[in-house]
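Please read the structure below before turning to the comments.
Chains as they are written, first to last, in the numbering used here: chain B, 54 to 166; chain X, 56 to 168.
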């Protein structure tokens, strides 16, 4: 069974700092990996999706990398802002079967003004 | 495009009552799914559908039923609610074309007393 782990569970940083969120998964036979943002009491918003054949994806201040062989992904946030405060979830889709996602428990990020 | 919509936003049930959580999408997506989110755990898949008339079980299907009579709608039924079903429920959809990104609804918060 695919297990997805996110460390740390919570992180506080001062505004302007660069930061890295970590995601690891036990089964490297993945089709893709997706990073989501979840604001309190809200649904999930997709941030970045990396296909298994890709090494990284970038969107604005966000950069996600994928090392499939070691079962790791990182989400890099540059020049953090208070508006980045949210919970960040990573999810992997297995290579076989349907489009079902396996989620980590998330990292709760607080950016202090 | 409204995206993925869910109703109700919040519901309180008594043990043994039944109810239906509604989910609809207007993106003509074939794939739809239901997840539950509990504190300290990642989102877990309940049921999913790859098209009208086709449904299958996910990781935690017990106590829930689904049907998919149209492409747009994917309701989740709780047959006899139990306190263990207290959770936040998210519906998601994905198209076969246009990428792998999954889109999530805003969630339904359910409390079973």
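Every residue, glycine too, gets a C-beta built ideally from N, C-alpha and C.
Cβ of residue i within 7 Å of Cβ of residue j?
| i | j | result |
| --- | --- | --- |
| residue 159/B | residue 57/B | no |
| residue 143/X | residue 92/X | yes |
| residue 161/B | residue 140/B | yes |
| residue 85/B | residue 102/B | yes |
| residue 130/X | residue 75/X | yes |
| residue 145/X | residue 90/X | yes |
| residue 134/X | residue 73/X | yes |
| residue 124/B | residue 81/B | yes |
| residue 152/B | residue 100/X | no |
| residue 96/B | residue 161/X | yes |
| residue 132/B | residue 88/B | no |
| residue 155/B | residue 91/B | no |
| residue 158/X | residue 58/X | yes |
| residue 84/X | residue 148/X | yes |
DSSP has residue i in a bridge; who is on the other side?
| i | result |
| --- | --- |
| residue 102/X | 89/X, 112/X |
| residue 74/X | 133/X |
| residue 67/B | 165/B |
| residue 74/B | 128/B |
| residue 128/X | 79/X |
| residue 142/X | 165/X |
| residue 90/B | 98/B, 141/B |
| residue 58/B | 77/B |
| residue 147/X | 88/X, 159/X |
| residue 85/B | 104/B, 146/B |
Interface residues of chain B around residue i at Cβ under 7 Å?
| i | result |
| --- | --- |
| residue 150/X | In chain order: nothing, as chain B lies at least about 10 Å away. |
| residue 113/X | 153 |
Since residue i meets chain X, which of its residues come closer than 9 Å, beta carbon to beta carbon?
| i | result |
| --- | --- |
| residue 87/B | 155, 156, 157 |
| residue 99/B | 156, 157, 158, 159 |
Going along chain X, which residues have a C-beta under 8 Å from residue i?
| i | result |
| --- | --- |
| residue 66/B | Under the 8 Å cutoff, chain X gives no residues; its nearest Cβ is about 23 Å from residue 66/B. |
| residue 121/B | By Cβ distance, chain X contributes nothing, its closest Cβ being about 15 Å from residue 121/B, past 8 Å. |
| residue 157/B | 97 |
| residue 57/B | 97 |
Note down, in chain order, every chain B residue with its Cβ under 9 Å from the Cβ of residue i.
| i | result |
| --- | --- |
| residue 161/X | 94, 95, 96 |
| residue 76/X | Residues of chain B passing the Cβ test: none, with the nearest at roughly 14 Å. |
| residue 165/X | Correct list: empty, because the minimum Cβ distance to chain B is about 14 Å. |
Assuming residue i contacts residue j (C-beta within less than 8 Å), just tell me the rounded distance between them.
| i | j | result |
| --- | --- | --- |
| residue 163/X | residue 64/X | 6 Å |
| residue 72/B | residue 130/B | 5 Å |
| residue 124/X | residue 107/X | 7 Å |
| residue 60/B | residue 147/B | Contact flag wrong, Cβ pair sits at about 22 Å. |
Output, in chain order, the set of chain B residues within a Cβ distance shorter than 8 Å of residue i.
| i | result |
| --- | --- |
| residue 129/X | Result: empty, since nearest Cβ-Cβ is about 14 Å, beyond 8 Å. |
Restricting to runs no shorter than 3 residues, where is the beta strand (DSSP E) found entirely within the segment 101-150 of chain B? 109-112, 115-120, 125-130, 139-147
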